[in-house]
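To keep things clear, I will list the structure first and then write my remarks on it.
Residue numbers (the working numbering), protein chains in the order written: chain A, 1 to 206; chain B, 207 to 385.
Structural data, given as structure tokens:
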């Protein structure tokens, strides 16, 4: 099989999406979806769209956000679960892509915000800058639907995959590495846990 | 006890543990395939009320158990002592958020171990779990499995703390090379 290098590999700067406005446009479709974000900028992006009780911000434990999302998805099969993760987090938890693919949760979608950088630690390049293709890995592990978003024209199809198509879904968005304003959601882990459970489960949560 | 037919070849400790998982309403089971826990994993695989997730690394299971709790279900992580080392950083999420964690650890690297590569992590497992604030309880005797597992599950889920139940090699048998 021939590699399609025009659609994989390193981002071309002119093709990168504006990160914060992309997340805002995607989450317009959210309705009651439960969202888990990985540490660093994905937490700020999610909070910038409006802090909600049904957001769970994984402020540490790098590489584990997709597995938190899988646990929720397995318990809540009628709800849509979105994992909003950075490329560094996804690379650290690469095994979790295989685990999610094998578990086949129909209600789970992963959106990787891939700026090809460790933005929190000084913009050092990640492996995706060297051509490691997360979407191709997801496809190879058996995700039900995958795509790369590079331009504004890709946004409607990205929304469809993330919110409507039977999962597991993997959408890799090639985004710029511009620093968006830091919007800090709560960091208290027990508070985040309790309010998420109360919003989801009602009185039986406590 | 476990409610699963055809358990004749299954050791009593595994049937007892499975019975406790059912009785405690544990709905998600995650594991990296493990010779020690194998009979328990097999019982779980045959239990329709349990979703069994196979992991590539045990640290994924810690995060899965956190997610299960967020979603309103109880989960358990089945792992070998060598997998304890893979879990350490993710345990920071369990502590920071005060999630319950019920881990069942099959021991290697102790009582009659033939494989020297298993010894360092086996010996360090209770120490590093303790360093991360996990309550470690060890079972050596078959008659103690059910009461100790029940108590460990109640402690984890009712007091929202991480608990590791360690199954000694004296209980589950010392591994031998199989031709």
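Glycine included, C-beta positions come from ideal geometry on N, C-alpha and C.
Spatial distance of residue i from residue j (CA atoms)
{"i": "residue 310 of chain B", "j": "residue 285 of chain B", "result": "6 Å"}
{"i": "residue 46 of chain A", "j": "residue 23 of chain A", "result": "8 Å"}
{"i": "residue 225 of chain B", "j": "residue 29 of chain A", "result": "43 Å"}
{"i": "residue 250 of chain B", "j": "residue 257 of chain B", "result": "8 Å"}
{"i": "residue 255 of chain A", "j": "residue 318 of chain B", "result": "The structure shown does not extend to residue 255 of chain A, since chain A spans only 1 to 206, so no value can be given for it."}
{"i": "residue 88 of chain A", "j": "residue 35 of chain A", "result": "18 Å"}
{"i": "residue 308 of chain B", "j": "residue 154 of chain A", "result": "43 Å"}
{"i": "residue 8 of chain A", "j": "residue 83 of chain A", "result": "Any reading at residue 8 of chain A must be qualified, since the residue scores a pLDDT of 46, below 50, and its modelled position is unreliable; the value itself is stated next. Cα-Cα distance, rounded: 22 Å."}
{"i": "residue 293 of chain B", "j": "residue 376 of chain B", "result": "24 Å"}
{"i": "residue 127 of chain A", "j": "residue 106 of chain A", "result": "29 Å"}
{"i": "residue 40 of chain A", "j": "residue 81 of chain A", "result": "20 Å"}
{"i": "residue 20 of chain A", "j": "residue 145 of chain A", "result": "24 Å"}
{"i": "residue 245 of chain B", "j": "residue 217 of chain B", "result": "7 Å"}
{"i": "residue 1 of chain A", "j": "residue 159 of chain A", "result": "Any answer about residue 1 of chain A is weak, because its pLDDT of 42 lies below 50 and its placement is not dependable; what the coordinates show is given next. Rounded to the nearest angstrom, the two C-alpha atoms are 29 Å apart."}
{"i": "residue 230 of chain B", "j": "residue 150 of chain A", "result": "48 Å"}
{"i": "residue 185 of chain A", "j": "residue 63 of chain A", "result": "20 Å"}
{"i": "residue 183 of chain A", "j": "residue 352 of chain B", "result": "49 Å"}
{"i": "residue 118 of chain A", "j": "residue 129 of chain A", "result": "11 Å"}
{"i": "residue 232 of chain B", "j": "residue 16 of chain A", "result": "44 Å"}
{"i": "residue 300 of chain B", "j": "residue 365 of chain B", "result": "13 Å"}
Counted within 10 angstroms of its Cβ, other Cβ atoms place residue i as buried (16 or more) or exposed
{"i": "residue 234 of chain B", "result": "buried"}
{"i": "residue 202 of chain A", "result": "exposed"}
{"i": "residue 204 of chain A", "result": "exposed"}
{"i": "residue 320 of chain B", "result": "exposed"}
{"i": "residue 287 of chain B", "result": "buried"}
{"i": "residue 44 of chain A", "result": "buried"}
{"i": "residue 42 of chain A", "result": "buried"}
{"i": "residue 207 of chain A", "result": "Nothing can be reported for residue 207 of chain A: it is not among the residues displayed for chain A, which extend from 1 to 206."}
{"i": "residue 168 of chain A", "result": "buried"}
{"i": "residue 152 of chain A", "result": "exposed"}
{"i": "residue 382 of chain B", "result": "exposed"}
{"i": "residue 78 of chain A", "result": "exposed"}
{"i": "residue 99 of chain A", "result": "buried"}
{"i": "residue 211 of chain A", "result": "There is no way to answer for residue 211 of chain A, as the model of chain A reaches only from 1 to 206."}
{"i": "residue 131 of chain A", "result": "exposed"}
{"i": "residue 337 of chain B", "result": "exposed"}
{"i": "residue 312 of chain B", "result": "buried"}
{"i": "residue 67 of chain A", "result": "buried"}
{"i": "residue 38 of chain A", "result": "buried"}
{"i": "residue 221 of chain B", "result": "buried"}
One or two residues paired with residue i in a DSSP bridge
{"i": "residue 280 of chain B", "result": "B/232"}
{"i": "residue 245 of chain B", "result": "Partner(s): none; residue 245 of chain B has no beta bridge."}
{"i": "residue 108 of chain A", "result": "A/81"}
{"i": "residue 117 of chain A", "result": "A/125"}
{"i": "residue 344 of chain B", "result": "B/372"}
{"i": "residue 55 of chain A", "result": "A/35"}
{"i": "residue 170 of chain A", "result": "A/110, A/146"}
{"i": "residue 285 of chain B", "result": "B/311"}
{"i": "residue 224 of chain B", "result": "Answer by DSSP bridge pairing: none, since residue 224 of chain B is not bridged."}
{"i": "residue 86 of chain A", "result": "A/113"}
Cβ-Cβ separation, residue j to residue i (assumed contact under 8 Å), whole Å
{"i": "residue 350 of chain B", "j": "residue 371 of chain B", "result": "At roughly 10 Å, the Cβ-Cβ gap does not stay under 8 Å, so residue 350 of chain B and residue 371 of chain B are not in contact."}
{"i": "residue 367 of chain B", "j": "residue 322 of chain B", "result": "Not a contact, Cβ separation roughly 34 Å."}
{"i": "residue 173 of chain A", "j": "residue 111 of chain A", "result": "6 Å"}
{"i": "residue 369 of chain B", "j": "residue 343 of chain B", "result": "7 Å"}
{"i": "residue 209 of chain A", "j": "residue 170 of chain A", "result": "Missing from the structure shown is residue 209 of chain A; chain A here goes from 1 to 206 and no further."}
{"i": "residue 69 of chain A", "j": "residue 108 of chain A", "result": "6 Å"}
Between the region 45-70 of chain A and chain B, which residues of the former have a C-beta closer than 9 Å to a C-beta of the latter?
Residues of the region 45-70 of chain A with a C-beta less than 9 Å from any C-beta of chain B: 56, 58, 59, 60, 61, 62, 63, 64, 65, 66, 67, 68, 69, 70, listed in chain order.
Of all the residues that make up the region 80-106 of chain A, which are near chain B by a beta-carbon distance shorter than 8 Å?
Cβ contacts with chain B come from 93, 95, 96, 98, 99, 102, 103.
Just by C-beta distance, which residues in the region 181-197 of chain A are closer than 8 Å to chain B?
Of all residues in the region 181-197 of chain A, only 189, 190, 192, 193, 196, 197 place a beta-carbon less than 8 Å from a beta-carbon of chain B.
Interfacial residues, the region 262-290 of chain B to chain A, with Cβ spacing under 9 Å
Of all residues in the region 262-290 of chain B, only 262, 263, 265, 266, 267, 268, 269, 270, 271, 272, 273, 274, 275, 276, 277, 278, 279, 281 place a beta-carbon less than 9 Å from a beta-carbon of chain A.
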